[in-house]
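In what follows, a single structure is set out as structure tokens and then discussed.
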Amino acid sequence: MTEIAFTTAAFNQFLAEHKLMASRCVECGALALPPRAICVACHGDRLEWVEMVGKGKLAAFTWIYVGPTFMNAEGFSRTNPYCTGIVELDEGVKISARLLGVDPKNPGAIKIGTPMTVEFLERGAGEEKRTFLAFRAE
Amino acid sequence: MTQRKLGRGVAIVGAGMSKFGAFPDKTSRDLFVEAFKEMRASIDKGFDPEIIETLYLGNYSSDLFEKQGHTAPIMADAVGLTPRPATRVEDACASGGVALRLGVLAVASGMYDVVLVGGVERMTKLPTAEVTDTLGSAGDTLYETPAGFTFPGFYAAMATAYMHRYGMTPEHLMSVAIKNHANGALNPKAQFGVSIPDWMEQRVQAALKKGKPAPTWKSISDFLHDDAANPMIAYPLRLFDCSPITDGAACLLLVAAERAREFTDQPIHIIGVGQASDAALHYRADLTTLRAARVAVQDAYAMAGVTARDIRIAEVHDCFTIAEVIATEDMEFFAPGTGFKMAQEGVTARDGAKPINTSGGLKSKGHPVGASGVAQTIEIWKQMRGEAGARQVKGDIPLALTHNVGGTGQTAVVHIYERKG
Numbered sequence: 092m093t094e095i096a097f098t099t100a101a102f103n104q105f106l107a108e109h110k111l112m113a114s115r116c117v118e119c120g121a122l123a124l125p126p127r128a129i130c131v132a133c134h135g136d137r138l139e140w141v142e143m144v145g146k147g148k149l150a151a152f153t154w155i156y157v158g159p160t161f162m163n164a165e166g167f168s169r170t171n172p173y174c175t176g177i178v179e180l181d182e183g184v185k186i187s188a189r190l191l192g193v194d195p196k197n198p199g200a201i202k203i204g205t206p207m208t209v210e211f212l213e214r215g216a217g218e219e220k221r222t223f224l225a226f227r228a229e
Numbered sequence: 368m369t370q371r372k373l374g375r376g377v378a379i380v381g382a383g384m385s386k387f388g389a390f391p392d393k394t395s396r397d398l399f400v401e402a403f404k405e406m407r408a409s410i411d412k413g414f415d416p417e418i419i420e421t422l423y424l425g426n427y428s429s430d431l432f433e434k435q436g437h438t439a440p441i442m443a444d445a446v447g448l449t450p451r452p453a454t455r456v457e458d459a460c461a462s463g464g465v466a467l468r469l470g471v472l473a474v475a476s477g478m479y480d481v482v483l484v485g486g487v488e489r490m491t492k493l494p495t496a497e498v499t500d501t502l503g504s505a506g507d508t509l510y511e512t513p514a515g516f517t518f519p520g521f522y523a524a525m526a527t528a529y530m531h532r533y534g535m536t537p538e539h540l541m542s543v544a545i546k547n548h549a550n551g552a553l554n555p556k557a558q559f560g561v562s563i564p565d566w567m568e569q570r571v572q573a574a575l576k577k578g579k580p581a582p583t584w585k586s587i588s589d590f591l592h593d594d595a596a597n598p599m600i601a602y603p604l605r606l607f608d609c610s611p612i613t614d615g616a617a618c619l620l621l622v623a624a625e626r627a628r629e630f631t632d633q634p635i636h637i638i639g640v641g642q643a644s645d646a647a648l649h650y651r652a653d654l655t656t657l658r659a660a661r662v663a664v665q666d667a668y669a670m671a672g673v674t675a676r677d678i679r680i681a682e683v684h685d686c687f688t689i690a691e692v693i694a695t696e697d698m699e700f701f702a703p704g705t706g707f708k709m710a711q712e713g714v715t716a717r718d719g720a721k722p723i724n725t726s727g728g729l730k731s732k733g734h735p736v737g738a739s740g741v742a743q744t745i746e747i748w749k750q751m752r753g754e755a756g757a758r759q760v761k762g763d764i765p766l767a768l769t770h771n772v773g774g775t776g777q778t779a780v781v782h783i784y785e786r787k788g
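First to last, the sequence lines map onto chains A and B.
Under my numbering, think of the first position of the first sequence as 92, with each following residue one higher.
Under my numbering, think of the first position of the second sequence as 368, with each following residue one higher.
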């Protein structure tokens, strides 16, 4: 799969195919998620795509009550907050993602370390269609 | 680590800032002129602005906030400095601190003797949702923004990681807000220069005046837990955990140390500088510290030949209460996982062993992002010269520090100040 460039467009295309893909340095084996075009561990530029299993645990989270315009457009607001955070995958890398399966009425109940499983959220239609990365608490 | 040093000494001989707040009728240039005039008046022996050789200006995003790009020559022109070189510096909320660093390097290089350092941001013209978007763009718009992260959200996420690891509670964070508002109440330049108890009393009086039922908070804690008075912004951070949206500007005059006495008998010397960068939050091994701040301060301490113990006071980047807790650990004042206890026990209060943010910090003084790094230095300047009025720290202040952070810690810049003689 080395013929696919290590770009955000490629990462997002993989998301649309419901694959969470990282890059791995052929030289030193370092994994990077989000993928990188140059290895920051050894500066090597020979990389390969690797699919993540999609399992991990919660590293950090927050409930957003005052959101950016694009999330407000999805219907979120002060009275309808959403949860987002950082998940550490079993492969050892971390990624920012929306978090599902958590209770907005009890924001403090979520525990760091909770097992999480990847989900792919489809938003918009036609040309506007986009797939967002999410994780669901198990 | 390479031991870096300045090519020659650099001193601050003048400092001034605009009032911080929300000013619908003031543009960036109005604010900058206000700061410049105060800076000019602060120079003990007077000076002719004609001798200024160049300007470094911290500004995060006049483009998005005011639809005005190319801000440095506009500010230079507003104070009569063209055709001198004018350079805008953008490193998010560290823009001002990095502008100062470039000014220091410009003097230390020997190229310039007299350098104006400024910072300006006019934020309140935009609706809050668009300010949220603009500040959020200091994160990674390709990989963090799609997850719905906002600026408070990033620091809130760090707070949850910190709480889990060290047992901190949201109540500990409130003690930072209470302290910084108490300090800001003594700062006439502060946007929210009112203590939290006075704020509560004002709310009660306002309700009574309108003939509405007055709030019945039994304590500060009661008020801070009130979802109506102190709404959640990004769990666990509430309104009073967040710095406000602010308009403001700040200016410093830097000169070669050997010329400082031409301007004042009380110059403040910059003896250590450090700056570092880092990746987006999810790439970092540890979410409870800012690696860039640790690298920057180690460089600054090494250059200055001092340690954290030697620093008498500091202005740190409290864009959120959790940021101050982490900053006091990153600056090595306190061990990892203990900063929140120090805040709660009063160690960081104005009369504590290590006063932090005597100005009121970004939290109470306000956070016009590109100006904040410069304004931090103004507080140090005032405190070290004994000119901080009602909020003056008691005793001698031979050494002080500023810590200014951009984004989620992708930029950090630290300066160390000495009052010689």
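For every residue, glycine included, the Cβ atom is placed at its ideal position computed from N, Cα and C.
Point to revise | Min CB distance S168/A to chain B below 7 Å | key: Along the first sequence, one-based indexing puts residue 168/A at 77. It does not; no Cβ of chain B falls within 7 Å.
Review point. By the 10 Å Cβ neighbour count, where 16 or more other Cβ atoms means buried, how is N197/A classified, buried or exposed?
Key: Position 106 of the first sequence holds residue 197/A. Classification for N197/A: exposed.
Point to revise | Nearest-angstrom Cα separation, counted from R375/B out to V622/B | key: The residue labelled residue 622/B in the question sits at position 255 within the second sequence. The residue labelled residue 375/B in the question sits at position 8 within the second sequence. One C-alpha to the other measures close to 11 Å.
**Study point:** Through-space distance from V209/A to R227/A, alpha-carbon basis
**Key:** On the first sequence, position 136 is the one that residue 227/A refers to. On the first sequence, position 118 is the one that residue 209/A refers to. Distance between the alpha carbons of R227/A and V209/A is about 6 Å.
Practice item. With a 10 Å radius around its C-beta and 16 neighbouring C-beta atoms as the bar for buried, classify H684/B as buried or exposed. Key: Here residue 684/B is taken as the residue at index 317 of the second sequence, counted from 1. Buried.
Point to revise | Contact with chain B by P159/A, beta-carbon distance below 7 Å | key: Locating residue 159/A in the first sequence gives position 68, where the first residue counts as 1. Chain B, which has a Cβ nearer than 7 Å to the Cβ of P159/A, makes this yes.
Point to revise | Classification of L575/B by the beta-carbon crowding that lies within 10 angstroms, buried from 16 upward | key: Position 208 of the second sequence, counting from 1, holds the residue named residue 575/B. That one is exposed.
**Study point:** Residues that L224/A contacts on chain B, provided the C-beta gap is smaller than 8 Å
**Key:** Within the first sequence, the letter at position 133 stands for residue 224/A. In chain order: P513 and A514.
Review point. Is N554/B closer than 7 Å to G728/B when the C-beta atoms are compared?
Key: The residue you call residue 728/B lines up with position 361 of the second sequence. The residue you call residue 554/B lines up with position 187 of the second sequence. No. Outside cutoff.
Point to revise | Coarse secondary structure for I638/B, derived from DSSP in three states | key: Here residue 638/B corresponds to residue number 271 of the second sequence, with the count starting at 1. Strand.
Review point. Between the stretch 562-573 of chain B and the stretch 742-762 of chain B, do at least 3 Cβ pairs fall closer than 8 Å?
Key: no
Review point. Hey, is the stretch 771-779 of chain B in contact with the stretch 480-500 of chain B, meaning 3+ C-beta pairs nearer than 8 Å?
Key: no
Exercise for review: Could you check which residue in T695/B, G413/B and M525/B has the C-alpha nearest to that of D632/B?
Suggested key: Along the second sequence, read from residue 1 onward, the residue named residue 632/B stands at position 265. With distances taken between Cα atoms, D632/B lies closest to G413/B.
Practice item. Please list, in chain order, all residues of the same chain as D392/B whose beta carbon is under 7 Å from its beta carbon, the five residues on each side excluded. Key: Walking along the second sequence from the start, residue 392/B turns up at place 25. Excluding positions up to five away in sequence, the list is empty.
Practice item. Kindly indicate which three-state DSSP category N554/B falls into: helix, strand or coil? Key: Within the second sequence, numbered from 1, the residue matching residue 554/B stands at position 187. N554/B falls in the coil class under three-state DSSP.
**Study point:** Cβ neighbour criterion (16 or more within 10 Å) applied to G120/A
**Key:** By 1-based counting over the first sequence, the position of residue 120/A is 29. Exposed, because fewer than 16 other Cβ atoms sit within 10 Å of the Cβ of G120/A.
Check your understanding: When the distance is taken between beta carbons, is Y522/B closer than 7 Å to F687/B?
Key -> By one-based count along the second sequence, residue 687/B stands at place 320. By one-based count along the second sequence, residue 522/B stands at place 155. For F687/B and Y522/B, yes; Cβs fall inside 7 Å.
Review point. Any chance the stretch 148-159 of chain A sits against the stretch 176-190 of chain A, with 3 or more Cβ pairs inside 8 Å?
Key: yes
Exercise for review: Pull up the distance between the alpha-carbon of F390/B and that of Y156/A, whole angstroms please.
Suggested key: Along the second sequence, one-based indexing puts residue 390/B at 23. Along the first sequence, one-based indexing puts residue 156/A at 65. When rounded, the distance between both Cα atoms is 26 Å.
Review point. Any beta-carbon of chain B closer than 7 Å to the one on K110/A?
Key: Locating residue 110/A in the first sequence gives position 19, where the first residue counts as 1. Not closer than 7 Å to any Cβ of chain B, the Cβ of K110/A fails to qualify, so no.
**Study point:** Closest Cα partner of V337/B within the set A702/B, A643/B and Y427/B
**Key:** The requested residue 337/B does not occur in the structure, where chain B is confined to residues 368 to 788.
Exercise for review: May I ask which residues mark the beginning and end of the alpha helix (DSSP H) holding V673/B?
Suggested key: Translated into the one-based positions of the second sequence, residue 673/B becomes position 306. It is not in any alpha helix (DSSP H) - V673/B carries neither H nor E in the DSSP assignment.
Practice item. Measure from the C-beta of Y479/B to each C-beta in chain A and report whether the shortest distance is under 7 Å. Key: If you number the second sequence from 1, residue 479/B lands on position 112. Not closer than 7 Å to any Cβ of chain A, the Cβ of Y479/B fails to qualify, so no.
Review point. When DSSP labels each residue in this structure, what does G727/B get in the three-state scheme?
Key: What you label residue 727/B is simply residue 360 of the second sequence in a count that begins at 1. In the structure shown, G727/B sits in coil (DSSP, three-state: anything other than H, G, I, E or B).
Check your understanding: What's the call for N171/A, buried or exposed, on a 16-neighbour Cβ count within 10 Å?
Key -> Mapped onto the first sequence, residue 171/A falls at position 80. N171/A comes out exposed.
Point to revise | R661/B beta carbon less than 7 Å from that of A767/B | key: Locating residue 767/B in the second sequence gives position 400, where the first residue counts as 1. Locating residue 661/B in the second sequence gives position 294, where the first residue counts as 1. No; because the gap between Cβ atoms is not below 7 Å, this pair is not in contact.
**Study point:** Where K404/B sits in the DSSP three-state scheme
**Key:** The sequence position of residue 404/B within the second sequence is 37, counting from 1. Of the three classes helix, strand and coil, the one that applies to K404/B here is helix, per DSSP.
**Study point:** Residues of its chain near M795/B, where Cβ-Cβ distance is below 6 Å and the 5 sequence neighbours each way are ignored
**Key:** What is shown of chain B runs 368 to 788, which leaves residue 795/B out entirely.
Practice item. Out of D593/B, T491/B, K434/B and T508/B, point me to the one whose CA is closest to A188/A's CA. Key: Numbered from 1 along the first sequence, position 97 holds the residue referred to as residue 188/A. Among D593/B, T491/B, K434/B and T508/B, the Cα nearest to that of A188/A is on T508/B.
Check your understanding: Is the beta carbon of T222/A sitting closer than 7 Å to the one on A601/B?
Key -> By 1-based counting over the first sequence, the position of residue 222/A is 131. By 1-based counting over the second sequence, the position of residue 601/B is 234. Cβ distance not < 7 Å, so T222/A and A601/B don't count as in contact.
Check your understanding: Among residues of its own chain, excluding the 5 on either side of S542/B, which ones have a beta-carbon nearer than 6 Å to its beta-carbon?
Key -> Within the second sequence, numbered from 1, the residue matching residue 542/B stands at position 175. Cβ within range, chain order: A710 and Q711.
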